[in-house]
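A.B. asks: Chain order of the listed sequences is H and G. Residues in the first sequence are numbered from 15 upward in steps of one, following our numbering. Residues in the second sequence are numbered from 4 upward in steps of one, following our numbering. Questions regarding the structure given below will be posed in turn.
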Amino acid sequence: MIDNFKEFFRFRELLFVLTKREIKVRYKQTSLGASWAIIQPFSMMLIFTLIFGFFLKVDSGNIPYPIFSYSALLPWTFFATSFSLGSLSIINSSNLITKIYFPREILPFSNLGAAFLDFLVAGVFFFLLMLFYKVPLSFTLLFLVPIVLVQVIFTAAVILFASAIVVIWRDVKFVIPLLIQLWMFATPVIYPVSKVPRFLQFIYFLDPMAGIIENFRSVSILGKFPDWRHLLMATVISAILFFLSYMFFKQKEKRFADII
Amino acid sequence: MENSVIKFDKVSKSYYLSRFKYGRLTEEIRAWFKKVVTLSPESNSKQKLWAVRNLSFQVKKGVTLGIIGKNGAGKSTILKLISKVTYPDSGQIRVEGEIGAFIELGAGLHPELTGRENIYLYGAILGMKRREIDERFPEIVKFSELARFLDTPIKRYSSGMYTRLGFSVIAFTDPQVLLIDEVLAVGDKSFQEKCLMKMEEFAKSDKTVVFVSHNLEAIRSICSETILIDHGRLKARGKSSEVIKKYLNKYSKNSKF
């Protein structure tokens with residue numbers, strides 16, 4: 015394990031270069047460039063506001079529904095983008111895998127890095143939206159740092175596992191978009207946590223994304239302290255999953271070049 | 004340990020010749036069911052191909068080793084094993100020092116990026132630090148003769164230009180062990196000569212070089228020692244000219260049939 019980290023550290027510069035490549039290539043192929051990072055959560059926000067805020071009148075407390083949903087769509091989009099791109103990162107770089115050695119986890123991590131940049135861009139928009147809706151800026155915004163960190167660890171765990179599985183069984187590639195869609199409904203993006211029946215809450219918060227999104231919303235727009243129990247649970251589960259899926263990835267990595 | 008930089012000890016590597024290149028979930032589930040239901044050991048329906056079989060050899064520091072053999076003999080697999088792109092089924096491999104692998108041209112170059120960006124990308128993939136690439140950038144560009152096209156996305160490059168860019172970057176990396184697989188097959192005459200000269204330079208330095216090629220002339224002139232591989236096994240080892248002679252004899256004998 016320690017050897018793996020050392021080796022990873024030796025190649026840290028490659029991680030930056032590949033992340034940069036990821037970003038550059040994406041922006042070179044599109045004419046709208048960085049604005050895509052905002053368009054995606056923004057258009058989701060519009061449609062959700064129309065359907066859930068306006069038609070179905072989901073109760074978002076005294077918070078306007080658009081910012082209520084955007085505060086969750088922001089971390090959710092970061093997760094979904096990393097997941098969908100990261101899970102394909104190994105098979106999309108088959109020409110590198112079969113010819114050049116480097117620690118393979120760099121590939122999914124570089125997708126995570128690129129998605130993080132999108133997240134920051136969309137985050138600036140979130141800030142503007144908060145000003146627009148006159149949401150009071152609270153010092154609890156600082157708690158976003160540890161919350162996002164937990165999310166990064168959890169996302170890394172998911173994409174390490176998924177990218178290795180996709181090499182072994184290509185079929186899984188088609189399952190992931192569906193999984194992402196379903197997963198969003200299992201997290202408090204559209205509705206507040208209070209709507210989840212009490213007896214389900216334990217199972218509900220076994221999913222780190224539920225705790226992460228709930229806390230992301232409450233520290234950013236509600237000005238509340240994090241729900242420590244849920245945050246701790248998300249942290250512990252993410253850390254354990256990261257460890258397990260990293261081991262899994264390193265074990266499967268040796269066969270990547272043969273089966274890809 | 005003595006001063007060998009690369010050491011293979013009874014290394015074997017096999018590939019499956021399965022119908023599908025990669026696994027399909029349904030197939031694996033079916034195979035698993037079959038195993039459980041019939042309680043038989045895993046079926047041998049997957050055919051195995053031994054790419055490298057029980058191979059042992061060493062390369063001493065500073066030696067330039069040539070590897071020759073027919074197509075499919077296992078030469079490229081040996082390079083992949085040295086560079087840790089793939090791992091052996093059994094046996095031990097030890098390599099000391101940083102490895103620079105030039106296994107296939109263009110692997111790692113990205114078509115959407117410009118020549119300049121690709122030099123940095125490829126350099127990083129080969130393990131160079133940004134500062135090192137900065138320092139050597141002018142030399143790399145000069146060697147590649149692509150100064151005019153540096154800011155063109157390389158998808159507009161010809162295949163010869165691709166090659167030149169790739170080789171130029173590797174020519175200025177500084178690994179202790181250099182692996183080269185069939186680079187001289189592309190590029191025009193004058194660039195080939197330049198590559199050969201660069202490789203002779205490597206060979207003369209204290210770097211350890213492993214060179215796989217079908218260009219026997221190049222092997223003869225660059226490599227001090229050569230091994231002959233056939234069906235994954237070591238057939239001969241010795242001075243390049245002698246091993247090449249053996250190879251040619253065998254080959255022409257075969258071709259009579």
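Each residue gets a CB set at the ideal place from its N, CA and C atoms; glycine is no exception.
Can you tell me whether T67 (chain G) is buried or exposed, with buried defined as 16 or more other CB within 10 angstroms of its CB?
C.D. replies: Counted from its first residue, the second sequence places residue 67 (chain G) at position 64. So T67 (chain G) counts as buried.
A.B. asks: Give the secondary structure of R139 (chain G) by DSSP, where H, G and I count as helix, E and B as strand, and everything else as coil.
C.D. replies: As a working mapping, residue 139 (chain G) is identified with position 136 in the second sequence. Three-state result, R139 (chain G): helix.
A.B. asks: Which residues bound the alpha helix (DSSP H) around I85 (chain G)?
C.D. replies: Translated into the one-based positions of the second sequence, residue 85 (chain G) becomes position 82. Run containing I85 (chain G): 78–85, per the alpha helix (DSSP H) assignment.
A.B. asks: Can the beta-carbon of G103 (chain G) be found less than 7 Å from the beta-carbon of P178 (chain G)?
C.D. replies: Reading the second sequence from its first residue, position 100 is the one you call residue 103 (chain G). Reading the second sequence from its first residue, position 175 is the one you call residue 178 (chain G). Their beta carbons are under 7 Å apart, which means G103 (chain G) touches P178 (chain G) by this criterion.
A.B. asks: Within 10 angstroms of the Cβ of Y115 (chain H), are there 16 or more other Cβ atoms? Answer buried if so, exposed if not.
C.D. replies: Within the first sequence, numbered from 1, the residue matching residue 115 (chain H) stands at position 101. With 16 or more Cβ atoms within 10 Å of its Cβ, Y115 (chain H) is classed as buried.
A.B. asks: Using only the alpha-carbon positions, how far apart do P222 (chain H) and I251 (chain H) sit?
C.D. replies: Residue numbering aside, residue 222 (chain H) sits at position 208 when the first sequence is read from its first letter. Residue numbering aside, residue 251 (chain H) sits at position 237 when the first sequence is read from its first letter. Rounded to whole angstroms, P222 (chain H) to I251 (chain H) spans 7 Å at the Cα level.
A.B. asks: Applying the criterion that 16 or more other CB atoms from any shown protein chain within 10 Å of the CB defines a buried residue, is L58 (chain G) buried or exposed?
C.D. replies: Against the second sequence, residue 58 (chain G) aligns to sequence position 55. L58 (chain G) comes out buried.
A.B. asks: What is the DSSP secondary structure of S208 (chain G), reduced to helix, strand or coil?
C.D. replies: Position 205 of the second sequence, counted from the first residue, corresponds to residue 208 (chain G). In the structure shown, S208 (chain G) falls within a coil segment according to DSSP collapsed to helix, strand and coil.
A.B. asks: Check each residue of the stretch 81–101 of chain G: if its Cβ is closer than 8 Å to any Cβ of chain H, include it; give the result in chain order.
C.D. replies: K83, S86, K87, V88, T89, Y90
A.B. asks: Between which two residues does the beta strand (DSSP E) harbouring I183 (chain G) extend?
C.D. replies: Taking the second sequence and counting its residues from 1, one reaches residue 183 (chain G) at position 180. First-last of the beta strand (DSSP E) with I183 (chain G): 180–184.
A.B. asks: So, for K259 (chain G): in the same chain, excluding its five sequence neighbours on each side, which residues have a beta-carbon less than 6 Å away from its beta-carbon?
C.D. replies: Start at 1 with the first residue of the second sequence, and residue 259 (chain G) comes out as number 256. Any reading at K259 (chain G) needs caution, since the residue's pLDDT is 43, under 50, leaving its predicted position unreliable; the model's value is listed next. Once the five neighbours on either side are set aside, K259 (chain G) has no close Cβ partner at all.
A.B. asks: Can you tell which of G:V39, G:K197, G:Y19 has the C-alpha that lies nearest to the C-alpha of W53 (chain G)?
C.D. replies: The count along the second sequence starts at 1 and reaches residue 53 (chain G) at position 50. For the residues G:V39, G:K197, G:Y19, the minimum Cα distance to W53 (chain G) belongs to G:Y19.
A.B. asks: The stretch 28–41 of chain H: which residues have C-beta closer than 7 Å to a C-beta of chain G, in chain order?
C.D. replies: Of all residues in the stretch 28–41 of chain H, the ones placed with a Cβ closer than 7 Å to any Cβ belonging to chain G are L28, V31, R35, K38, V39, in chain order.
A.B. asks: Can you say whether I65 (chain H) is buried or exposed, counting buried as having 16 or more other CB atoms within 10 angstroms of its CB?
C.D. replies: Taking the first residue of the first sequence as position 1, residue 65 (chain H) is located at position 51. It counts as exposed.
A.B. asks: In terms of alpha-carbon separation, which member of H:F263, H:W242, H:I226, H:F25 lies closest to L163 (chain H)?
C.D. replies: Within the first sequence, residue 163 (chain H) is the residue found at index 149, counting from 1. Taking only the C-alpha atoms, the option nearest L163 (chain H) is H:I226.
A.B. asks: So, helix, strand or coil for E228 (chain G), using DSSP?
C.D. replies: Position 225 of the second sequence, counting from 1, holds the residue named residue 228 (chain G). Strand, per DSSP.
A.B. asks: Determine the extent of the beta strand (DSSP E) in which R97 (chain G) is found, giving its start and end residues.
C.D. replies: By 1-based counting over the second sequence, the position of residue 97 (chain G) is 94. Per DSSP, R97 (chain G) belongs to the beta strand (DSSP E) from 93–98.
A.B. asks: Check distances from the C-beta atoms of the stretch 176–203 of chain G to those of chain H and list, in chain order, the residues that come in under 7 Å.
C.D. replies: Residues of the stretch 176–203 of chain G with a C-beta atom less than 7 Å from some C-beta of chain H do not occur.
A.B. asks: Report all residues from its chain with a CB closer than 8 Å to the CB of G47 (chain H); omit the five preceding and five following residues, and keep chain order.
C.D. replies: As a working note, residue 47 (chain H) is residue 33 in the first sequence. Closer than 8 Å at Cβ, skipping near neighbours: Y41.
A.B. asks: Using a Cβ-Cβ cut-off of 8 Å (strictly less than) and excluding sequence neighbours within five positions of F105 (chain G), which residues of its own chain qualify?
C.D. replies: As a working note, residue 105 (chain G) is residue 102 in the second sequence. Excluding positions up to five away in sequence, the list reads G169, F170, I173, L181, L182, I183, D184, V186.
A.B. asks: Please name the residue in H:L214, H:L32, H:I274, H:I204 whose C-alpha comes closest to that of K71 (chain H).
C.D. replies: Against the first sequence, residue 71 (chain H) aligns to sequence position 57. Per the Cα distances, H:I204.
A.B. asks: According to DSSP, is F11 (chain G) part of a helix, a strand, or is it coil?
C.D. replies: The residue you call residue 11 (chain G) lines up with position 8 of the second sequence. F11 (chain G) falls in the strand class under three-state DSSP.
A.B. asks: Is there contact between the stretch 123–137 of chain H and the stretch 204–215 of chain H, where contact requires at least three CB pairs shorter than 8 Å?
C.D. replies: Output reads no: the stretch 204–215 of chain H does not touch the stretch 123–137 of chain H.
A.B. asks: Using DSSP bridges, identify the partner residues of A104 (chain G).
C.D. replies: Taking the second sequence and counting its residues from 1, one reaches residue 104 (chain G) at position 101. Paired residue(s): G:L182.
A.B. asks: Can you tell me whether S59 (chain G) is helix, strand or coil according to DSSP?
C.D. replies: For the purposes of this step, residue 59 (chain G) is taken as the residue at position 56 of the second sequence. Residue state, collapsed to three classes: strand.
A.B. asks: Under the rule that 16 or more other beta-carbon atoms within 10 Å means buried, what is T91 (chain H), buried or exposed?
C.D. replies: Counting from 1 along the first sequence, the entry for residue 91 (chain H) is found at position 77. By the 10 Å Cβ count, T91 (chain H) comes out buried.
A.B. asks: For D209 (chain G), count neighbouring C-beta atoms within 10 Å of its own C-beta (all shown protein chains included) and say buried if the count is 16 or more, exposed if not.
C.D. replies: Translated into positions along the second sequence, residue 209 (chain G) becomes position 206. The residue is exposed, with fewer than 16 neighbouring Cβ atoms inside 10 Å.
A.B. asks: Count the other CB atoms within 10 Å of the CB of M4 (chain G); is the residue buried (16 or more) or exposed (fewer)?
C.D. replies: Residue numbering aside, residue 4 (chain G) sits at position 1 when the second sequence is read from its first letter. Caution applies to M4 (chain G), whose pLDDT of 46 falls short of 50 and renders its modelled position unreliable; the value that the coordinates give is listed next. Exposed, by the Cβ-count rule.
A.B. asks: In whole angstroms, what is the alpha-carbon distance linking P89 (chain H) and P240 (chain H)?
C.D. replies: As a working mapping, residue 89 (chain H) is identified with position 75 in the first sequence. As a working mapping, residue 240 (chain H) is identified with position 226 in the first sequence. Those two C-alpha atoms are separated by around 15 Å.
A.B. asks: Buried or exposed for M261 (chain H), please, with buried defined as at least 16 other CB atoms from any protein chain shown within 10 angstroms of its CB.
C.D. replies: Within the first sequence, numbered from 1, the residue matching residue 261 (chain H) stands at position 247. By the 10 Å Cβ count, M261 (chain H) comes out exposed.
A.B. asks: Looking at chain G, is there any beta carbon in it that lies within less than 7 Å of the beta carbon of L110 (chain H)?
C.D. replies: Residue numbering aside, residue 110 (chain H) sits at position 96 when the first sequence is read from its first letter. So, interface residue.
A.B. asks: Please report the distance separating the alpha-carbon of M15 (chain H) from that of I85 (chain G).
C.D. replies: Along the first sequence, read from residue 1 onward, the residue named residue 15 (chain H) stands at position 1. Along the second sequence, read from residue 1 onward, the residue named residue 85 (chain G) stands at position 82. Each residue's Cα considered, the two are about 22 Å apart.
A.B. asks: Do I120 (chain H) and L255 (chain H) count as a contact pair if the criterion is CB distance below 7 Å?
C.D. replies: In the first sequence, counting from the first residue as 1, residue 255 (chain H) sits at position 241. In the first sequence, counting from the first residue as 1, residue 120 (chain H) sits at position 106. For L255 (chain H) and I120 (chain H), no; Cβs fall outside 7 Å.
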